[in-house]
Amino acid sequence: MILLIKMNNKDMLEWKKCNNCGFLQYKTHLRCLRCRFNEFSIIEASGQGKLLTFTILTAPPAEFRDHDSYALGLIEFENGIKAIGQITTQNNLKTGMKLKPVQKKICNNLDGKEVYTYVFEPIKKKID
Ligand SMILES: [Zn+2]
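Here you go:
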């Protein structure tokens, strides 16, 4: 299951966990996609994120008119939640690397309002 980031959606890192079978799914579903049960617990992404795959967008949407390009990644957290989001850098990205979610202004929308959402920042390795 993949969660798409919506602009200004602060709870993008929350999913529903089925109380019957434990299946994880995005919050908009009313019934479990696996067993049809209708009671859920809300769970939040936890731990570090792992970069599963990424791409560099070189023709960003109109809201990102100030950027020539940006990186978009699919991240999986330690408890199974996956999210798609911008990555704070395009340099030295590698699948399997660890990232953390940070809240950040990503653009001004077409009405000129500032848009904040979660983006993913590589976790720097400690240098001994
Ligand atoms: Zn279920």
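If you're matching positions, the sequence shown starts at -8 in the numbering used here and goes up one per residue. Here a beta-carbon is modelled for each residue, glycine too, at the ideal position from N, C-alpha and C.
- The shortest C-alpha to C-alpha distance from GLU112 to any of TRP6, GLN81, ASN99 and LYS104 is the one to GLN81.
- Apart from sequence neighbours up to five positions away, the residues of its chain that approach THR86 with a beta-carbon distance below 7 Å are LEU42, LEU43 and THR44, ordered along the chain.
- Pairing LEU21 with ILE47 gives a Cβ-Cβ distance that is not under 9 Å.
- Cβ atoms of VAL110 and VAL93 come within 8 Å of each other, at about 6 Å.
- Residue pairing for ASN99: DSSP places it in a beta bridge opposite GLU105.
- Pairing GLU54 with LEU4 gives a Cβ-Cβ distance that is not under 9 Å.
- For THR46, the uninterrupted beta strand (DSSP E) segment begins and ends at 40 to 48.
- According to DSSP, GLN77 shares a beta bridge with LEU63.
- LYS8 is bridged by DSSP to LEU15 and SER32.
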